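> Quick note, the sequences are listed as chains A and B, same order.
Quick note on numbering that gives the first Met the number 0: the first sequence kicks off at 0 and runs consecutively.
Quick note on numbering that gives the first Met the number 0: the second sequence kicks off at 0 and runs consecutively.
Beta carbons are placed, not taken as given, at the ideal position from N, Cα and C, and that holds for glycine.
Computed from a predicted structure; not experimentally measured.
Quick one: this structure, given as structure tokens, is what I'll be asking you about.
There are 2 protein chains.
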Amino acid sequence: MSEAEQPGAEPSVPDRRAVRRAAKIATIVEEAWALSRADGLAGISLRDLADRVDLRQPSLYAYFDSKLALYDAMFADGNRQLLAYTADLTPTGNPEQDLTEFVSRIVRFSSDDVERHQLLFQRTIPGFEPSPESYAIAIEFLNRGAALLQAAGVSRAEDVDLFTALCAGLTHQQVANDPGGDRWVAQARRVVTMFLTEVRQQPRE
Amino acid sequence: MSEAEQPGAEPSVPDRRAVRRAAKIATIVEEAWALSRADGLAGISLRDLADRVDLRQPSLYAYFDSKLALYDAMFADGNRQLLAYTADLTPTGNPEQDLTEFVSRIVRFSSDDVERHQLLFQRTIPGFEPSPESYAIAIEFLNRGAALLQAAGVSRAEDVDLFTALCAGLTHQQVANDPGGDRWVAQARRVVTMFLTEVRQQPRE
DNA sequence: GTCTATACATCGATAGAC
DNA sequence: GTCTATCGATGTATAGAC
């Protein structure tokens, strides 16, 4: 916890400042999620948020240019959480098994936090569009799914479209009708099997 | 346009008033949809809405107790539109064909109006929950779908859950990634065939 | 960076006159 | 039912001290 500078360690000072700043931003985003769970995603008040992080409302502008910029940071954060949520998945050599686990995770992830799901997968905040930097994280996740599909021999655009619709459908129903439960999570394997059977039955192109 | 009362036609006056009132409410709801298409569902301003229907903002409260009550009227209206959109579907005796047409209609309906889809199928407005009366209309539509499934020999809860997820997935992807288009509408038949094949392959209970 | 103080426009909602 | 007037809260933004 020493605040003393090491001689010759000059660059460490701005680094420490950057670390502190990043930590504060992380705290703000975390509290913003907490607020959204209480008042809805669109119901976040910047004054309430400032209270939670021991700041005055104008001081939030030292970290975010606008409320939409806060949503953008939350969007990036949520997508990073999604990547982390599926990070330990290692291919077993059985594509059907891998896809099933992948789908289960996605549905569970959405079910775990409805507001997060709303921000990541629904366009609900008027005027909000993710920045290219934040969107890149979302693309990274999509690529991970595409790689799994590729390993299962799925690459045609219509087949990929079908798969994304299946994932979206399971998550949507899970979130809307059984949040926190597993009524649709439980159908992940069935859906993947059904999907692969359908795709493999199509004539090769 | 006579305002004179007919002798002995006393009950017709409150009736006419009720009709006028209902017509005004219908106009307000219609303009609310138009506004939501421009500014987003959550972006509706009661002042803008009042302007569109030649009222001052507080006068809207003669028709709706709150903004949430307006959303409730829109929810009921949207579900009535959905019922009307599928009203001319008559069973052909071919359940697969009937289900396909049903799914196509649902997806197209959602694709036609993203904000309407958002209000009907997503929980996006903080604090909004449909009233029992409005929700009953939604249930009526669900029952229509359940009847079609029954005709196709589908009645198990897991199978119905799977079907609703398939519908939700197609509509979600269509709305999110190709609004107004038909990229996922075009997969309706494929999805229904895939679904019925899967369901009929399960052991009878 | 953070604060106090303040400003502005907009919002949903209410009171009370007519 | 409709109006005018007004309220409190909000998002947004800035000035200026420390």
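Spatial neighbours of residue 148(A) within its chain, please: C-beta separation below 8 Å, excluding the five flanking residues on both sides.
Counting from one through the first sequence, the residue named residue 148(A) turns up at place 149. Hits under 8 Å: 98, 154, 158, 159 and 162.
> Rounded to a whole number of angstroms, what is the C-alpha to C-alpha distance between residue 133(A) and residue 75(A)?
On the first sequence, position 134 is the one that residue 133(A) refers to. On the first sequence, position 76 is the one that residue 75(A) refers to. In a straight line, the C-alpha of residue 133(A) is about 5 Å away from that of residue 75(A).
> Could you tell me which chain B residues have their CB closer than 7 Å to the CB of residue 181(A), listed as they occur along the chain?
Residue numbering aside, residue 181(A) sits at position 182 when the first sequence is read from its first letter. Neighbours of residue 181(A) on chain B: none; closest Cβ ~12 Å, over 7 Å.
> Can you tell which of 200(B), 108(B) and 146(B) has its C-alpha closest to the C-alpha of residue 171(B)?
Position 172 of the second sequence, counted from the first residue, corresponds to residue 171(B). Of 200(B), 108(B) and 146(B), the residue nearest in Cα terms is 108(B).
> Could you give the residue range of the alpha helix (DSSP H) that holds residue 134(B)?
By one-based count along the second sequence, residue 134(B) stands at place 135. Where residue 134(B) is concerned, the enclosing alpha helix (DSSP H) stretches over 131-150.
> Any idea what DSSP makes of residue 31(A), helix, strand or coil?
Residue mapping note: residue 31(A) aligns to position 32 of the first sequence, counting from 1. Here residue 31(A) sits in helix by DSSP.
> Could you tell me how far apart the beta carbons of residue 81(A) and residue 140(A) are, in whole angstroms, since I believe they sit closer than 8 Å?
What you label residue 81(A) is simply residue 82 of the first sequence in a count that begins at 1. What you label residue 140(A) is simply residue 141 of the first sequence in a count that begins at 1. Yes, they are in contact, since the Cβ atoms of residue 81(A) and residue 140(A) sit about 6 Å apart, within 8 Å.
> Assuming residue 124(B) contacts residue 166(B) (C-beta within less than 8 Å), just tell me the rounded distance between them.
Stepping through the second sequence from its first residue, residue 124(B) is reached at position 125. Stepping through the second sequence from its first residue, residue 166(B) is reached at position 167. Rounded, the Cβ-Cβ distance is 22 Å, inconsistent with contact.
> Among 197(A), 203(A), 191(A) and 202(A), which one has its Cα closest to the Cα of residue 93(A)?
As a first step, residue 93(A) is located in the first sequence; it is residue number 94 there, counting from the start. When each option's Cα is compared against that of residue 93(A), the closest is 191(A).
> Hey, out of 15(A), 42(A) and 200(A), whose CA is closest to residue 207(A)'s CA?
The requested residue 207(A) does not occur in the structure, where chain A is confined to residues 0 to 204.
> Is there a C-beta anywhere in chain B that falls below 7 Å from the one on residue 144(A)?
Here residue 144(A) refers to the residue found at position 145 of the first sequence. By this cut-off, residue 144(A) is not an interface position.
> What runs of the alpha helix (DSSP H), each 4 residues or longer, lie entirely inside the region 32-114 of chain B?
45-51, 66-84 and 94-111
> Of the residues that make up the region 61-95 of chain A, which ones have a beta carbon closer than 9 Å to any beta carbon in chain B?
none
> Near residue 114(B), what residues of its chain come up, given a Cβ to Cβ distance below 8 Å and the 5 sequence neighbours on each side ignored?
In the second sequence, the residue the question calls residue 114(B) occupies position 115. Take residue 114(B), set aside five residues on each side of it, and the residues of its chain with a beta-carbon closer than 8 Å to its own are 32, 35, 36, 39 and 40, in chain order.
> Does any residue of chain A bring its CB to less than 7 Å from the CB of residue 186(B)?
Stepping through the second sequence from its first residue, residue 186(B) is reached at position 187. Chain A contact via Cβ: present.
> So residue 164(A) contacts chain B; which residues on that side make the cut at Cβ distance below 8 Å?
Position 165 of the first sequence, counting from 1, holds the residue named residue 164(A). Proximity of chain B to residue 164(A) at the Cβ level (cut-off 8 Å) is accounted for by 165, 168, 169, 171, 172, 183, 186 and 190, in chain order.
> Am I right that residue 95(A) and residue 193(B) are in contact with their C-beta atoms under 8 Å? What's the rounded C-beta distance?
As a first step, residue 95(A) must be located in the first sequence, where it is residue number 96. As a first step, residue 193(B) must be located in the second sequence, where it is residue number 194. Contact flag wrong, Cβ pair sits at about 16 Å.
> Do you know offhand how far residue 122(A)'s Cα is from residue 59(B)'s?
To locate residue 122(A), count along the first sequence from 1; it is residue 123. To locate residue 59(B), count along the second sequence from 1; it is residue 60. Between residue 122(A) and residue 59(B), the C-alpha separation is close to 28 Å.
> Which class does residue 168(A) belong to by DSSP, given the choice of helix, strand or coil?
The count along the first sequence starts at 1 and reaches residue 168(A) at position 169. Assignment of residue 168(A) by DSSP, reduced to helix, strand and coil, places it in the helix class.
> Taking only beta carbons into account, state which residues of the region 122-146 of chain A come closer than 9 Å to chain B, listed in chain order.
122, 123, 124, 125 and 126
> Under the assumption that residue 130(A) contacts residue 50(A) (Cβ atoms under 8 Å), give the Cβ distance between them as a whole number of angstroms.
In the first sequence, counting from the first residue as 1, residue 130(A) sits at position 131. In the first sequence, counting from the first residue as 1, residue 50(A) sits at position 51. At roughly 27 Å, the Cβ-Cβ gap does not stay under 8 Å, so residue 130(A) and residue 50(A) are not in contact.
> Quick check on DSSP: helix, strand or coil for residue 123(B)?
Along the second sequence, read from residue 1 onward, the residue named residue 123(B) stands at position 124. Coil.
> Less than 7 Å between CB atoms is the rule here; does residue 152(A) satisfy it with respect to chain B?
Indexing the first sequence from 1 puts residue 152(A) at position 153. Taking Cβ atoms only, chain B never reaches closer than 7 Å to residue 152(A), which makes this a no.
> Let me check understanding here. Comparing Cα to Cα, which of 137(B), 30(B), 68(B) and 176(B) lies closest to residue 53(B)?
To locate residue 53(B), count along the second sequence from 1; it is residue 54. It is 30(B).
> If we cut at 7 Å on Cβ distances, does residue 30(B) have a partner in chain A?
In the second sequence, counting from the first residue as 1, residue 30(B) sits at position 31. Taking Cβ atoms only, chain A never reaches closer than 7 Å to residue 30(B), which makes this a no.
> Chain A beta carbons: is any one of them nearer than 7 Å to that of residue 118(B)?
Residue mapping note: residue 118(B) aligns to position 119 of the second sequence, counting from 1. No, residue 118(B) lies away from the interface with chain A (no Cβ there is under 7 Å from its Cβ).
> From 46(A), 174(A), 103(A) and 63(A), pick the residue whose C-alpha is nearest to that of residue 21(A); which is it?
Numbered from 1 along the first sequence, position 22 holds the residue referred to as residue 21(A). Comparing Cα-Cα distances from residue 21(A) to each of 46(A), 174(A), 103(A) and 63(A), the minimum goes to 63(A).
> Quick one: is residue 161(A) near chain B, going by C-beta distance under 7 Å?
As a first step, residue 161(A) must be located in the first sequence, where it is residue number 162. So yes, residue 161(A) belongs to the interface.
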